[in-house]
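> In my numbering, the protein residues as written are 7 to 93.
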Amino acid sequence: MMTIPFKPNGQSPFTFQATVGGIKVFGKVPYNLYANRYYVNLTDGQGRGICYVPMVASPDDFDINLALPCSPGALVFRASSQQFEAT
Numbered sequence: 007m008m009t010i011p012f013k014p015n016g017q018s019p020f021t022f023q024a025t026v027g028g029i030k031v032f033g034k035v036p037y038n039l040y041a042n043r044y045y046v047n048l049t050d051g052q053g054r055g056i057c058y059v060p061m062v063a064s065p066d067d068f069d070i071n072l073a074l075p076c077s078p079g080a081l082v083f084r085a086s087s088q089q090f091e092a093t
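1) Less than 8 Å between the CB atoms is what I'm expecting for MET8 and ALA80, so what's the real figure, rounded?
2) CB-CB under 6 Å to VAL82, same chain, minus the five flanking residues each way: which ones, in chain order?
3) Determine the closest residue to LEU48 out of ALA85, PRO14, THR21, with distance taken between C-alpha atoms.
4) Could you work out which residue in ASN15, GLY53, GLY51 is closest to VAL35 when comparing CA atoms only?
5) DSSP state of PRO75, grouped into three classes?
6) Does DSSP put ARG54 in a helix, a strand or coil?
7) By the DSSP assignment, the beta strand (DSSP E) with GLY27 in it spans what residues?
Okay, here's the thing in structure tokens:
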């Protein structure tokens with residue numbers, strides 16, 4: 007499992023790279039002022055979109071997969087630690 011600390015700077019979208027279900031993904035996490043929330047935009051190595059979903063936080067005892075197209079891999083955002091977990 008790979009962990010990625012979520013530390014947005016407020017100037018530009020937070021970005022990261024991870025391997026989810028054997029697929030190398032590139033993530034961008036922009037903040038939407040109108041919706042007042044973050045979104046997760048995942049693309050593959052060729053820049054093709056994998057998914058664009060609201061960033062929903064998972065509790066410690068349950069996983070909400072933000073990268074369903076990459077199943078059986080998972081990308082989870084943990085509220086308690088403010089980090090992504092990629093498997």
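C-beta atoms are modelled at their ideal positions from N, C-alpha and C, and glycine is treated no differently.
In brief:
1) Contact check for MET8 and ALA80: beta-carbon distance about 11 Å, past the 8 Å limit, so the pair fails to qualify.
2) Within the same chain, VAL82 has close Cβ partners SER64, ASP69, GLU91.
3) Ranked by Cα distance from LEU48, the first of ALA85, PRO14, THR21 is THR21.
4) The closest CA to that of VAL35, considering only ASN15, GLY53, GLY51, is found on ASN15.
5) Assignment of PRO75 by DSSP, reduced to helix, strand and coil, places it in the helix class.
6) DSSP, read as helix, strand or coil, puts ARG54 in coil.
7) Boundaries cannot be given for GLY27, as no beta strand (DSSP E) includes it and DSSP labels it neither H nor E.
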